[in-house]
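Following: one structure in structure tokens, then a few remarks.
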Amino acid sequence: MQPVIVPQSPTRTSVGPDLLEDTFTFPNEIVPLSPERFATRWMNGGWNPLPNERLGDTPPPTSLRLVCWNVDFMAPNANIRLQCALDHIRSTLETQGTAADAGSLIPCCVLLQEIEGDAMPILLKNKWVREHFIVIPTSIKHWPSPQYGNVTLVSNTVPIVSAQSLVFGNSRMGRNALLVDVQLKMPGDDEPALLRIANVHLESLPEGTSKRPEQLSATAELLRAAGVRAGVVAGDMNPIDPRDATIPAEAGLTDAYQGAEDDESNFTWGCQPPNRFPACRMDKVLYTGNSSMVVDTPSRLGVGLKTGRGQWVSDHHGLMTTVRFCED
1 MQPVIVPQSP
11 TRTSVGPDLL
21 EDTFTFPNEI
31 VPLSPERFAT
41 RWMNGGWNPL
51 PNERLGDTPP
61 PTSLRLVCWN
71 VDFMAPNANI
81 RLQCALDHIR
91 STLETQGTAA
101 DAGSLIPCCV
111 LLQEIEGDAM
121 PILLKNKWVR
131 EHFIVIPTSI
141 KHWPSPQYGN
151 VTLVSNTVPI
161 VSAQSLVFGN
171 SRMGRNALLV
181 DVQLKMPGDD
191 EPALLRIANV
201 HLESLPEGTS
211 KRPEQLSATA
221 ELLRAAGVRA
231 GVVAGDMNPI
241 DPRDATIPAE
251 AGLTDAYQGA
261 EDDESNFTWG
271 CQPPNRFPAC
281 RMDKVLYTGN
291 SSMVVDTPSR
301 LGVGLKTGRG
311 QWVSDHHGLM
321 TTVRFCED
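Per the UniProt record's numbering, the sequence shown starts with residue 1, numbered consecutively.
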């Protein structure tokens with residue numbers, strides 16, 4: 001798909017390594033965000049920020065199911081396609097639990113990219129989302145571009161501590177990494193450990209080749225911040241150039257997928273529908289090289305999924321994995 005080029009504000013300071021290439025660029029910006037939960041009270045009903053005293057007050061789980069999916073903001077019928085994607089994620093996650101989990105949702109985090117701005121109300125009005133998730137952000141005003149952006153859903157069964165957006169200063173396409181801090185149980189330790197999860201959409205097209213390494217490196221640096229036990233970043237990495245093959249390792253990240261790059265059964269883009277660009281493993285799950293964390297090999301979801309009208313739900317497949325801590 002052809003991404004929208006987002007005009008940069010000329011009022012901000014132009015600095016950085018891409019200054020000559022793009023005439024101007026800006027420093028990365030970290031923007032604190034408020035995790036929000038839906039309330040049905042007759043007063044102050046709707047989506048409201050979690051009070052500070054409620055942050056981290058949920059018992060930490062031992063593992064976390066992680067889903068990421070680029071839901072394609074440019075194709076027609078974004079509302080219908082987003083609803084189908086949410087329904088598919090719901091049915092997939094509901095099959096992951098056991099009989100003891102009946103009526104509840106397993107601890108999970110859903111990372112969505114390319115939600116179309118006008119489709120945001122579909123997400124916020126979804127009954128399943130309202131009942132089971134904390135949402136970051138709930139307004140398109142927190143996106144670098146009002147046309148599309150990333151949204152992270154954290155299930156109510158996972159204690160969330162904080163959230164922030166890393167706005168990529170070198171992006172001309174309104175790209176960012178959306179980071180949330182959650183707590184998981186650490187085997188052999190009474191205190192929970194902090195896991196930082198980044199929902200990322202790196203720069204697209206050949207023009208973005210020089211930008212993606214800097215964007216991923218800046219994200220990885222935050223995954224290794226003080227107080228963070230380990231970090232995982234997932235989403236649309238746009239690895240369309242041979243040079244992209246090395247940037248995860250250069251950023252100090254490990255790929256959760258260890259198979260062959262030419263294995264078509266693991267491609268996540270270019271198949272629905274086939275197009276003039278080669279299909280590839282566009283979406284990835286990467287994590288910090290920390291011996292205390294285990295990330296399972298991701299599986300695909302949404303393969304062949306179409307709406308009731310026969311339209312592809314997205315040009316991407318989603319990915320699902322499980323993250324847990326282990327003893328050092």
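Virtual Cβ for every residue (Gly too), placed ideally from N, Cα, C.
Assuming the contact rule is C-beta atoms closer than 8 Å, residue i and residue j should be a hit. Round their C-beta distance to whole Å, please.
i: Pro35; j: Ile140; result: Rounded, the Cβ-Cβ distance is 17 Å, inconsistent with contact.
i: Ala234; j: Leu319; result: 7 Å
i: Lys185; j: Pro61; result: 7 Å
i: Ser162; j: Pro144; result: In fact, because the Cβ distance is near 20 Å, the residues do not count as touching under 8 Å.
i: Ser314; j: Asn70; result: 6 Å
i: Leu123; j: Val154; result: That belief does not hold up - the Cβ atoms of Leu123 and Val154 are roughly 14 Å apart, past 8 Å.
i: Gly169; j: Glu29; result: 7 Å
i: Leu55; j: Ile136; result: In fact, because the Cβ distance is near 12 Å, the residues do not count as touching under 8 Å.
i: Leu194; j: Thr157; result: Incorrect: roughly 17 Å between the Cβ atoms, too far for contact.
i: Pro248; j: Leu286; result: 5 Å
i: Glu261; j: Pro213; result: Incorrect: roughly 18 Å between the Cβ atoms, too far for contact.
Could you say which of the options lies nearest to residue i if we only look at CA atoms?
i: Phe229; options: Leu202, Pro213, Thr254, Val182; result: It is Arg, not Phe, that sits at residue 229 in the sequence shown. The shortest Cα separation from Arg229 among Leu202, Pro213, Thr254, Val182 belongs to Val182.
i: Lys127; options: Glu221, Val167, His142, Phe38; result: Phe38
i: Tyr148; options: Cys326, Met74, Gln215; result: Met74
i: His142; options: Ser165, Thr152, His132, Thr307; result: Ser165
i: Pro239; options: Gly308, Leu216, Arg276; result: Leu216
i: Thr138; options: Pro146, Leu55, Pro107, Met120; result: Met120
i: Gly302; options: Gly308, Ile106, Trp312, Val294; result: Trp312
i: His88; options: Glu29, Val129, Val31; result: Val129
i: Ser204; options: Leu253, Asp236, Val232; result: Asp236
i: Val295; options: Ser210, Arg54, Val31, Ser63; result: Ser63
i: Asn176; options: Val31, Phe325, Val323; result: Val31
i: Phe267; options: Phe277, Ile106, Met282; result: Met282
i: Asn199; options: Arg90, Ser210, Pro146, Val167; result: Val167
i: Arg196; options: Met173, Leu222, Gly174, Cys108; result: Leu222
i: His317; options: Lys211, Ala279, Thr209, Asn48; result: Ala279
i: Phe26; options: Arg276, Gly174, Val232, Pro146; result: Gly174
i: Gly110; options: Val285, Glu250, Ser291, Arg65; result: Position check: residue 110 holds Val in this sequence, whereas Gly was assumed. Ranking Val285, Glu250, Ser291, Arg65 by Cα distance to Val110 puts Arg65 first.
i: Pro192; options: Ser291, Cys271, Gly227, Asn77; result: Gly227
i: Gly117; options: Ala78, Ser91, Glu94; result: Ala78
i: Val232; options: Glu53, Met293, Pro51; result: Met293
i: residue 398; options: Ser91, Pro76, Asp244; result: Limits of the chain in this structure are 1 at one end and 328 at the other, which puts residue 398 out of reach.
i: Leu93; options: Arg300, Ser291, Asp72, Asn52; result: Arg300
i: Ser291; options: Pro146, Phe325, Leu86; result: Phe325
i: Gln272; options: Leu178, Asp72, Lys211; result: Asp72
i: Leu178; options: Ala218, Lys211, Ser210; result: Ala218
i: Lys284; options: Ser210, Leu202, Asn52; result: Leu202
What do you get for residue i, buried or exposed, if any count of 16 or more other CB atoms within 10 angstroms of its CB means buried?
i: Arg81; result: buried
i: Gln258; result: exposed
i: Asp255; result: buried
i: Gly310; result: exposed
i: Lys306; result: exposed
i: Thr40; result: exposed
i: Ile115; result: buried
i: Gln96; result: exposed
i: Ala225; result: exposed
i: Gly46; result: exposed
i: Thr322; result: buried
i: Asp328; result: exposed
i: residue 413; result: Residue 413 lies beyond the residue range present for the chain, which begins at 1 and ends at 328; the question has no answer from this structure.
i: Asp57; result: exposed
i: Cys108; result: buried
i: Cys84; result: buried
i: Thr246; result: exposed
i: Cys68; result: buried
i: Asp263; result: exposed
i: Lys125; result: exposed
i: Phe133; result: buried
i: Gly304; result: exposed
i: Asp190; result: exposed
i: Arg276; result: exposed
i: Ala220; result: buried
i: Gly308; result: exposed
i: Gly270; result: buried
i: Gly208; result: buried
i: Asn52; result: exposed
Entirely enclosed beta strand (DSSP E) segments - the region 59–84, minimum 3 residues:
63–70
Start-end ranges of the beta strand (DSSP E) lying completely within the region 263–310, minimum 3 residues
283–288, 293–295, 299–301
Beta strand (DSSP E) runs wholly inside the region 145–189, at least 3 long, in chain order:
148–155, 160–167, 176–184
4 or more residues per run - each alpha helix (DSSP H) lying fully within the region 177–260:
212–223, 247–250
List, from N- to C-terminal side, the beta strand (DSSP E) runs of 3 residues or more that fit wholly inside the region 106–135.
108–116
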